[in-house]
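K.L.:
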Amino acid sequence: MNELLDPLLLSRWQFGLTTIYHFLFVPLTIGMATTVAIFQTAWVRTGKVHYLQMTQFFGKIFLINFAMGVVTGIVQEFQFGMNWSDYSRFVGDVFGAPLALEGLLAFFFEATFIGLWIFGWDKLSPKIHLLTIWAAAIGSILSAYFIIAANAFMQNPVGFQINEERGRAELTSIVDVLTNKVALAAFPHTIFACFMVSAGLVITVAAYHLSRNQHLDTMKPALKFGLWTMLIAGALTTLAGDQLSLAMVQTQPMKMAAAEAMYHTSTGADASFSIFTLGTPDGVHELFSIRIPYLLSFLSTHTFNGTVEGINDLQAQYVQLYGPGDYTPIIWVTYWSFRWMIGLGIFHILVALTGLWLTRKGRMPEQKWVWKIAIWSFPASLAAMIVGWVFTEMGRQPWLVFGLLKTADGVSPNITGLDVLISLIAFTAVYGTLAVVEFKLIKKAAQKGPDDAPAVDEESGIHQPVTTVY
Numbered sequence: 001m002n003e004l005l006d007p008l009l010l011s012r013w014q015f016g017l018t019t020i021y022h023f024l025f026v027p028l029t030i031g032m033a034t035t036v037a038i039f040q041t042a043w044v045r046t047g048k049v050h051y052l053q054m055t056q057f058f059g060k061i062f063l064i065n066f067a068m069g070v071v072t073g074i075v076q077e078f079q080f081g082m083n084w085s086d087y088s089r090f091v092g093d094v095f096g097a098p099l100a101l102e103g104l105l106a107f108f109f110e111a112t113f114i115g116l117w118i119f120g121w122d123k124l125s126p127k128i129h130l131l132t133i134w135a136a137a138i139g140s141i142l143s144a145y146f147i148i149a150a151n152a153f154m155q156n157p158v159g160f161q162i163n164e165e166r167g168r169a170e171l172t173s174i175v176d177v178l179t180n181k182v183a184l185a186a187f188p189h190t191i192f193a194c195f196m197v198s199a200g201l202v203i204t205v206a207a208y209h210l211s212r213n214q215h216l217d218t219m220k221p222a223l224k225f226g227l228w229t230m231l232i233a234g235a236l237t238t239l240a241g242d243q244l245s246l247a248m249v250q251t252q253p254m255k256m257a258a259a260e261a262m263y264h265t266s267t268g269a270d271a272s273f274s275i276f277t278l279g280t281p282d283g284v285h286e287l288f289s290i291r292i293p294y295l296l297s298f299l300s301t302h303t304f305n306g307t308v309e310g311i312n313d314l315q316a317q318y319v320q321l322y323g324p325g326d327y328t329p330i331i332w333v334t335y336w337s338f339r340w341m342i343g344l345g346i347f348h349i350l351v352a353l354t355g356l357w358l359t360r361k362g363r364m365p366e367q368k369w370v371w372k373i374a375i376w377s378f379p380a381s382l383a384a385m386i387v388g389w390v391f392t393e394m395g396r397q398p399w400l401v402f403g404l405l406k407t408a409d410g411v412s413p414n415i416t417g418l419d420v421l422i423s424l425i426a427f428t429a430v431y432g433t434l435a436v437v438e439f440k441l442i443k444k445a446a447q448k449g450p451d452d453a454p455a456v457d458e459e460s461g462i463h464q465p466v467t468t469v470y
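As numbered in the UniProt record's numbering, the sequence shown has no gaps in its residue numbers, which increase by one up to the final residue, 470.
1) Which residues mark the beginning and the end of the alpha helix (DSSP H) in which residue 422 is found?
2) Using the Cβ count rule (16 or more neighbours within 10 Å means buried), how would you classify residue 83?
3) Quick one: grab the DSSP three-state call for residue 332.
4) Closest to residue 393 by C-alpha separation, out of 322, 151, 320, 30, would be which residue?
5) List the whole-angstrom C-beta distance separating residue 484 from residue 337, where the pair is believed to meet the contact cut-off of C-beta under 8 Å.
6) Who does residue 210 pair with in a DSSP beta bridge?
7) Which ranges would you report for the alpha helix (DSSP H) in the stretch 128-215 if only whole runs of at least 4 residues count?
8) When you compare each of 262, 117, 413 to residue 309 by their alpha carbons, which one comes out closest?
9) For the stretch 142-162 against the stretch 89-96, are there 3 or more C-beta pairs whose distance is under 8 Å?
10) Which residues in the same chain have their Cβ closer than 6 Å to the Cβ of residue 218, if we skip the five residues on either side of it in sequence?
11) Take the Cβ of residue 461 as the centre, count every other Cβ of all protein chains shown within 10 Å, and call the residue buried at 16 or more, exposed below.
12) Which residue wins for smallest C-alpha separation from residue 142, given the options 188, 130, 124?
13) Near residue 206, which residues of its chain fall below 7 Å by C-beta distance, leaving aside the five closest residues on each side in sequence?
14) Is residue 411 helix, strand or coil when you go by DSSP?
15) Have a look at residue 162 and residue 404 and give me their C-alpha separation to the nearest angstrom.
16) In whole angstroms, what is the alpha-carbon distance linking residue 427 and residue 26?
17) Measuring only the C-alpha atoms, how far is residue 24 from residue 421?
18) Are the CB atoms of residue 102 and residue 136 within a distance shorter than 7 Å?
19) Pull up the CB-CB distance for residue 208 and residue 446, whole angstroms please, since I reckon it's below 8 Å.
20) Pull up the distance between the alpha-carbon of residue 12 and that of residue 436, whole angstroms please.
21) Throw me the rounded Cβ distance for the residue 328 and residue 258 pair, which I believe falls under 8 Å.
22) For the alpha helix (DSSP H) holding residue 400, just list the boundary residues, first then last.
23) Looking at residue 417: is its Cβ nearer than 7 Å to the Cβ of residue 6?
24) Restricting to Cα atoms, I'd like to know which of 344, 419, 368, 334 is closest to residue 397.
25) For residue 100, which of 144, 381, 332, 37 has the nearest alpha-carbon?
26) My assumption, with CB atoms under 8 Å, is that residue 179 sits in contact with residue 160. Please give the rounded CB distance.
27) Would you list the one or two residues that DSSP bridges to residue 349?
28) Which two residues bound the contiguous alpha helix (DSSP H) that contains residue 299?
29) Apart from the five residues on each side of it in sequence, which residues of its chain come closer than 8 Å, Cβ to Cβ, to residue 298?
30) Just curious, the alpha helix (DSSP H) that residue 368 is in, first and last residue?
31) Please confirm whether residue 203 and residue 85 have their CB atoms less than 7 Å apart.
32) Pull up the DSSP beta-bridge partners for residue 496, would you.
33) Please look up how many angstroms separate the CB atoms of residue 292 and residue 266, rounded, as I've assumed it's under 8 Å.
34) Going along the chain, which unbroken runs of the alpha helix (DSSP H) with 4 or more residues stay wholly within the stretch 105-131?
35) Between the Cα of residue 448 and the Cα atoms of 40, 28, 58, which residue gives the shortest distance?
36) What does DSSP give as the partner residues of residue 405 in its beta bridges?
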């Protein structure tokens, strides 16, 4: 019973669950803001009505998602004070700086221009109105960078000094924090992955309607856009992920070793990429594995003869550096989340390639299985981002701030397991309800499809929105 009411364990579960739920909305908001901006740009430049229909249709989905994301994101801020007050006290001076920039600069910038976009259809000129959605898209990307910079400090702490008297980290250079090598590598990887999520949504919705022979004028170009975006964003995500892996090996070698279930330091052919590995129950020794020689060495060092440090050797090093303790993350979680992330990414690139081939020269596949697979693009792309986040955070354990603060030392000292359990149950119930509402709203909007083509404005000679209210 005491283990079940462990405030550390429950606080970790609560933060993990609420963050994963909030993360359902973040990549879609970032990707869809740019997607809608591109559709509206095509309408302003060409005057073709189907681009306006696509702008308004996917704009509705974007706004539903944005509203829900704001609501769930607020809870994240409160948890730092409620459940992780020792963490907040120790790194608040550093961690709070990029968070403040995100909230006071990027988010308000994004929200302001989203408001102008919603209510400015018949009040702003088409070009000025177009600028508002591009400004909102830029704001969402800028917001993501500040959040990634804050998280990168936890992965690779820079730009600080320890105040021994106060027992906390204090900011010495915001520039160092914002130019952290992990942030610079993680940012493009994350943003391109967000574009994969938005492309997945476009593919899913378009496949749903095209499989029913509905809204062909809008869904055919939407499908093409989604497939090309998925292919390009998938390739860029892969390249950016390669750079992120190099930064990870330099700053958190244990995370890479755990991701590969590499128990012993290896070089060249022995530093192989694991397709499948089984280990002993204590996670110390490997029992069976299927590996590709040299591949891990190349991914980690960009050479075929590079050395990759193993879990056991790193554990021994960390004991000498930080004192007695277990410095390995949960191997099976890190190992499989890394593989699911990669596997789902490859799946989407294959879907995009197959879709572009099957729809070449205006063809539409008649096989039902093709559309059924395409409809899974959005949930699968979202799942890829979630397991990627799980890998990033779980692979850092047992550290909250790598090398400075362990997770066990960051939890609030006066909070009880019962306190956390009550709030965990409450959050789960509320978030579960919001999840149902979110799903039904997006499903209803997606299944309804785009509105009919609006009439032509007599003065401007171009199509204007039927309504200004979303």
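Virtual Cβ for every residue (Gly too), placed ideally from N, Cα, C.
P.N.:
The relevant details are as follows:
1) Position 422 of the sequence shown holds residue 422. Run containing residue 422: 417-448, per the alpha helix (DSSP H) assignment.
2) Numbered from 1 along the sequence shown, position 83 holds the residue referred to as residue 83. So residue 83 counts as buried.
3) Numbered from its first residue, the sequence shown carries residue 332 at position 332. Per DSSP, reduced to three states, the secondary structure at residue 332 is helical.
4) Here residue 393 is taken as the residue at index 393 of the sequence shown, counted from 1. Out of 322, 151, 320, 30, 151 has the C-alpha closest to the C-alpha of residue 393.
5) An answer regarding residue 484 cannot be provided, because it is not within the stretch 1 to 470 covered by the chain.
6) Within the sequence shown, the letter at position 210 stands for residue 210. Bridge partners of residue 210 according to DSSP: none are assigned.
7) Whole alpha helix (DSSP H) segments, 4+ residues: 174-178, 181-210.
8) Locating residue 309 in the sequence shown gives position 309, counting from the first residue. When each option's Cα is compared against that of residue 309, the closest is 262.
9) Yes: at least three Cβ pairs fall under 8 Å.
10) Counting from 1 along the sequence shown, the entry for residue 218 is found at position 218. Only 50, 53, 54, 450 meet the Cβ criterion.
11) Translated into positions along the sequence shown, residue 461 becomes position 461. Residue placement at residue 461 is flagged as unreliable, the pLDDT there being 44, under the threshold of 50; the coordinate-derived value follows with that caveat. Label assigned to residue 461: exposed.
12) One-based indexing of the sequence shown puts residue 142 at position 142. The residue with the shortest Cα to Cα distance from residue 142 is 188.
13) The residue labelled residue 206 in the question sits at position 206 within the sequence shown. Hits under 7 Å: 219, 222, 223, 226.
14) As a working note, residue 411 is residue 411 in the sequence shown. If DSSP states are grouped into helix, strand and coil, residue 411 belongs with coil.
15) For this step, residue 162 is matched to residue 162 along the sequence shown. For this step, residue 404 is matched to residue 404 along the sequence shown. Spanning the two alpha carbons is a distance of roughly 10 Å.
16) Sequence index remark: in the sequence shown, residue 427 carries index 427 (1-based). Sequence index remark: in the sequence shown, residue 26 carries index 26 (1-based). Looking at the two C-alpha atoms, the distance is approximately 19 Å.
17) Taking the sequence shown and counting its residues from 1, the one referred to as residue 24 is at position 24. Taking the sequence shown and counting its residues from 1, the one referred to as residue 421 is at position 421. Counting only the Cα atoms, residue 421 lies some 23 Å from residue 24.
18) Taking the first residue of the sequence shown as 1, we reach residue 136 at position 136. Taking the first residue of the sequence shown as 1, we reach residue 102 at position 102. At a Cβ-Cβ threshold of 7 Å, residue 136 and residue 102 do not count as neighbours.
19) Within the sequence shown, residue 208 is the residue found at index 208, counting from 1. Within the sequence shown, residue 446 is the residue found at index 446, counting from 1. That belief holds up - the Cβ atoms of residue 208 and residue 446 are roughly 7 Å apart, short of 8 Å.
20) As a first step, residue 12 is located in the sequence shown; it is residue number 12 there, counting from the start. As a first step, residue 436 is located in the sequence shown; it is residue number 436 there, counting from the start. So the two alpha carbons sit approximately 24 Å from each other.
21) Locating residue 328 in the sequence shown gives position 328, where the first residue counts as 1. Locating residue 258 in the sequence shown gives position 258, where the first residue counts as 1. The Cβ separation is near 6 Å, so the contact holds.
22) The residue labelled residue 400 in the question sits at position 400 within the sequence shown. Careful: residue 400 lies outside any alpha helix (DSSP H), inside the beta strand (DSSP E) at 399-401.
23) In the sequence shown, the residue the question calls residue 417 occupies position 417. In the sequence shown, the residue the question calls residue 6 occupies position 6. Contact flag set, yes.
24) In the sequence shown, counting from the first residue as 1, residue 397 sits at position 397. Scanning 344, 419, 368, 334 for the CA closest to the CA of residue 397 turns up 334.
25) The residue labelled residue 100 in the question sits at position 100 within the sequence shown. Here the closest residue by C-alpha is 144.
26) Position 179 of the sequence shown, counted from the first residue, corresponds to residue 179. Position 160 of the sequence shown, counted from the first residue, corresponds to residue 160. Contact between residue 179 and residue 160 does not hold, since their C-beta atoms are separated by about 14 Å, which reaches or exceeds 8 Å.
27) Working through the sequence shown from its first residue, we reach residue 349 at position 349. For residue 349, which the question treats as bridged, DSSP gives no partner whatsoever.
28) Within the sequence shown, numbered from 1, the residue matching residue 299 stands at position 299. The continuous alpha helix (DSSP H) containing residue 299 extends over residues 295-301.
29) Taking the sequence shown and counting its residues from 1, the one referred to as residue 298 is at position 298. Taken in chain order, the residues that qualify are 304, 306.
30) The count along the sequence shown starts at 1 and reaches residue 368 at position 368. From DSSP, the alpha helix (DSSP H) with residue 368 extends over 368-375.
31) Here residue 203 corresponds to residue number 203 of the sequence shown, with the count starting at 1. Here residue 85 corresponds to residue number 85 of the sequence shown, with the count starting at 1. No, they are not a contact pair.
32) Outside the displayed span of the chain (1 to 470) sits residue 496, for which this structure offers no information.
33) By 1-based counting over the sequence shown, the position of residue 292 is 292. By 1-based counting over the sequence shown, the position of residue 266 is 266. Contact doesn't hold; Cβ gap of about 13 Å is too wide.
34) Whole alpha helix (DSSP H) segments, 4+ residues: 108-119.
35) Taking the first residue of the sequence shown as 1, we reach residue 448 at position 448. It is 58 whose Cα lies nearest to the Cα of residue 448.
36) By one-based count along the sequence shown, residue 405 stands at place 405. Looking at the DSSP assignment, residue 405 forms a beta bridge with 401.
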